[in-house]
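Encoded as structure tokens, the structure appears first; notes follow it.
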Amino acid sequence: MRPLRLHLDNFGSFREPATADFSGVEYFVLVGPTGAGKSTLIDAICFALYGTVPRWGKENVIAHALAPSAVAAKVALVFESAGRRYAVVRALKRDAKGKVHTAEARLDELDPAVPGSAELEELLAAVVRPVAEGAAVTAEVQRITGLEYRFFTQCVVLPQGRFAEFLHAQPRERQDLLVQLLDADVYERIRQRAVQEEAAAAQAAGFARERLAKLTDADEQAERAAADRLAALRDLDASLRADLDALRGHDEELRRLAEERDALRDRLAALTALALPADVPTIAESARAAADEVAARTAAVAAAEAAEQRAEDEAAACDDPAALLERLQALDAYERLLADLGTAESRAAETRAALGPLDARARDLETALAQAEQDRDRLRDAHAGADLARRLVVGEPCPACLQTVTALPHHSATDDLRAAEQRVTTTRKEAERARRRHTEAGTELRHLDRTVHDLAARAAELRGRLAAVLDDAAITDDADGEPHAHAGARADATEGAGHTGEPSGAEAIDRGFETERIAKWRDDLSRRLAAGKAAQQRAAELRRAAREARTALTAARSRADELAGRTERLWRDLDAARDTVVPLGAPPLDRADLHHAWTALLAWRDEAAVRERAALEEQEARIAETGRQARALWTSLVARLAEHDVTPPEDAREQAGRARPAARIGEAVSAAIAQAEARLAQVRENRATARELEERVRTEEERAQVAKELAQCLRADAFERWLCTEALDLLVTAASETLRELSDGQYELALGARNEIEVIDHAEAGMRRNARTLSGGETFQAALALALALSDQVAGLSATAARSLDSLFLDEGFGTLDPATLDTVATTLERLAAGRDRMVGVVTHVPALADRIPVRFEVSRDAKGSHLCRTTA
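The sequence shown stops at residue 872 when you use numbering that gives the first Met the number 0, and every number in between is there.
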């Protein structure tokens, strides 16, 4: 993991946005006064990756990440790992109760083509794919970096006071770290795969053995028997050919005799098929009765059509029913317009009366709202002052006036601010509802006024159209002889009262007049419409009577035509029946009488049928003799087939007399030969399959044995411990060289009998002692030597060469070193940063070390929080 860009906003002491650009940096130092926020930058890297910080104690604590006066915070880290670029973002927020929660957590893979020196927004926008969100981010970070949080803080980020964790860790804990760093779990996966391969190979061998046990007839004896059977059947096929030729001759003779017999049967069937149709004797009388009915129906149609024409003329003289209905519908529409106009005028008056009280209610609530807001603002100021007073400290500057606090003020208890805000909210809602009701009432009144005006105009227009097409001279005077107010007077009254919506006396009289006029118009139109409907009904009845008469005539003509057609068809049927027996000598027909012609033909039929039956009996006798000869030969062939275990296609009794039994015998022998050939091929295939299965059993058993031996060699309780012991030995050897330089040759590191790390003290004649006996400065030197060895050696020790500690961050601890040791540490760090592609970051207060580091991040702090500035040496 190698950071490229770190962004903080309200994280810890950084209350203002700050960005650390690590692109192109190999070796840097964080300097600044104590408490300025140097370690906070290292904390931000840990928090962005794992959601927690070592010095916060518990891993699930996140409240310390948020600045005390902030309600939200954000940390973004752009880093590279294994040749890929990622961005992890975590955001926090404080709820109304003061608790801190995670508002956002996401991990994205970025496009590495974007330059590392680009702006942060451009880097974060170049998303190739989302990787994880929420709680899944930490797990994905562990997968990408290859390190759990606890191991990340032992070999990548070494926080204050935790340098010696790897040095003092228990052997089991160090082994867990090395398993992750070295990808040693790959050997456990290989062992598991070997166990699976052993089981798969054993299963495959078992399946092959089962198939081999189920194979039958897979030996040389079965193959020899199948070959002998095939040879015998081929000899039988050669010996049967002469008898089969004789049987085929009988088949051909039987087929010829059967064809002649079938011809005789067809001739006899043609004679017996001649029969007198049932309606031949009565067809002539039925045709004469149908002709008389056609004449009577023709006269009835003429009378009905004359009556129909007279009724049509009477109906045409009446008014058009469609025009009358259209005028009635117009009257209904006019009446509805008058009713709608009255309703709209009434609603307009009611709405106008309610408008005044609504306006007064709205003004009263606006005044109450202003007073509630004034009370709330006064309470808000009082609460803010009391809250600020609780956080004042004597001797420190006041955040409001920036003057030094000499005495703490005392504020008396204040009213509930939440209740005041609730009153403002409630009053504002009531005022908004009152204003909305007043506005809605005004809008509704305007709408009703427009509706009254529109309805009056439409009523006047429709009244004018009705007057143009209807005669109202008879209703211009009322019962007392006094004229009503003219319809035009009502229109004038409506226009004069349109802005008030209140009807006048003249309007009421005018509306009554219009109601009376509409009723008389409707009565006149209904009477004329009823007269027209009666005339149309009479015309329809006579039209129906004429149509029925024409239908009856058509039916009579159809019956007459049908009888004529049937007579013609009966003659054609007689000709067709005679044609079927013309080859047998049928006599000519007398065309004068249909019935007489049929009687003469049937008399000849009876004489010819006697001759044909005699010829058929002679043919049946010849067929029986030929069949007997064929059955005898068939029985002989079936017996020979049985001697060779060949089943004929059917029993001899069933085959006797049938066509082509010889072909069926040949087919049975050919089928037996084909089965014998298939049997021989199957036996040979079974023998080949048995050989393959025996070879597969041997191969799979060998594969299972190899997999078993591999799994035993890679047992987790042996191989992993050996591998980690060897890796730890190399790490301790490399760390000893560094520690010897740092301690001026006094100390070396070595592994104890139980893989615990011990110190060899050459000042005490090479005495070995526990690493926990070292002083603070000596412990720092030993822990630093191990950390540098881990960073330098892990990539070469990894089983897959996938692990690489691309970064190392050291937080403090250099103040305990003497100048000579400090110079050795600085030289070692410079060599570590320059010799490999690795970033080294140092947090220190020691100027002698800070001045030797090329890139400097200066951290300062004032009343607004921590600030960050990058400089070069």
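Backbone N, C-alpha and C fix where the C-beta goes; we use that ideal spot for every residue, glycine too.
Treat the numbers as computed from the prediction; the structure is a model and nothing was measured.
Under the three-state reduction of DSSP, Lys-863 is assigned to coil, being neither helix nor strand. The Cβ atoms of Arg-860 and Ser-12 lie closer than 8 Å to each other.
Boundaries cannot be given for Val-70, as no beta strand (DSSP E) includes it and DSSP labels it neither H nor E.
In the DSSP assignment, Phe-808 falls within the beta strand (DSSP E) that extends over 806 to 810. Residue environment analysis places Asp-20 among the buried positions, since at least 16 neighbouring C-beta atoms fall within 10 angstroms of its C-beta. Residue range 593 to 642 is occupied by the alpha helix (DSSP H) that includes Glu-624, with no beta strand (DSSP E) assigned at that position. In summary, Gly-31 is buried, with 16 or more beta-carbon neighbours lying within 10 Å of its beta-carbon over all protein chains present. According to DSSP, residue pairing for Glu-857 in a beta bridge involves Val-30 and Cys-868. Glu-132 counts as exposed, since fewer than 16 other C-beta atoms from the protein chains shown sit within 10 angstroms of its C-beta. Following the DSSP letters along the chain, one finds Lys-37 inside the alpha helix (DSSP H) bounded by residues 37 to 49.
Rounded to whole angstroms, the separation of the alpha carbons of Arg-228 and Gly-248 is 31 Å.
Taking the Cα of Arg-309 as reference, the smallest distance to any Cα among Glu-120, Glu-252, Ala-545 and Lys-92 is reached at Ala-545. DSSP places Phe-78 in the strand class (E or B) of the three-state scheme. Per DSSP, Ile-517 has no beta bridge partner at all. Glu-624 counts as exposed, since fewer than 16 other beta carbons sit within 10 angstroms of its beta carbon.
Between Gln-745 and Ala-733, the C-beta gap is not smaller than 8 Å, which leaves the two residues out of contact.
Look at the beta carbons and you see the region 592 to 603 not touching the region 295 to 311: under three pairs across the two are nearer than 8 Å. Annotated as distal: Gln-618 and Leu-267, with beta-carbon spacing of 8 Å or more. DSSP places Glu-103 in the uninterrupted beta strand (DSSP E) bounded by 99 to 109.
Take the alpha-carbon of Glu-120 and the one of Val-87: they are about 13 Å apart. For Arg-537, the closest alpha carbon among the candidates Ala-314, Glu-25 and Ala-585 is that of Ala-314. Shown here for Ala-551: same chain residues with a beta carbon closer than 6 Å to its own, the five before and five after excluded, namely Arg-296 in chain order. In the three-state reduction of the DSSP assignment, Arg-590 falls in the coil class.
Rounded to whole angstroms, Ala-303 and Ala-539 show a C-alpha spacing of 12 Å. A distance of 8 Å or more separates the beta carbons of Ile-41 and Asp-805. Here the C-alpha atom of Pro-818 lies approximately 27 Å from the C-alpha atom of Arg-767. If you draw a straight line from the Cα of Leu-239 to the Cα of Trp-633, it comes to about 12 Å. In the three-state DSSP reduction, Asn-9 falls in the coil class, being neither helix nor strand. Taking 8 Å as the upper bound for CB-CB distance, Ala-193 and Ala-710 are in contact here, some 4 Å apart.
Going by C-alpha positions, Asp-319 is about 15 Å away from Gln-328. In this structure Leu-3 does not touch Glu-118 by the C-beta definition: roughly 12 Å separates them, more than the 8 Å allowed. Secondary structure of Thr-342 (DSSP, three-state): helix. Contact holds between the region 342 to 349 and the region 445 to 456, because three or more Cβ pairs, one in each stretch, are under 8 Å apart. Per DSSP, Arg-223 lies in no beta strand (DSSP E) segment; the continuous alpha helix (DSSP H) that holds it begins and ends at 219 to 238. CA-to-CA, the gap between Val-140 and Val-77 works out to about 12 Å. Here His-595 has Asp-589 as same chain residues with Cβ atoms under 8 Å from its own Cβ, once five neighbours each way along the sequence are excluded.
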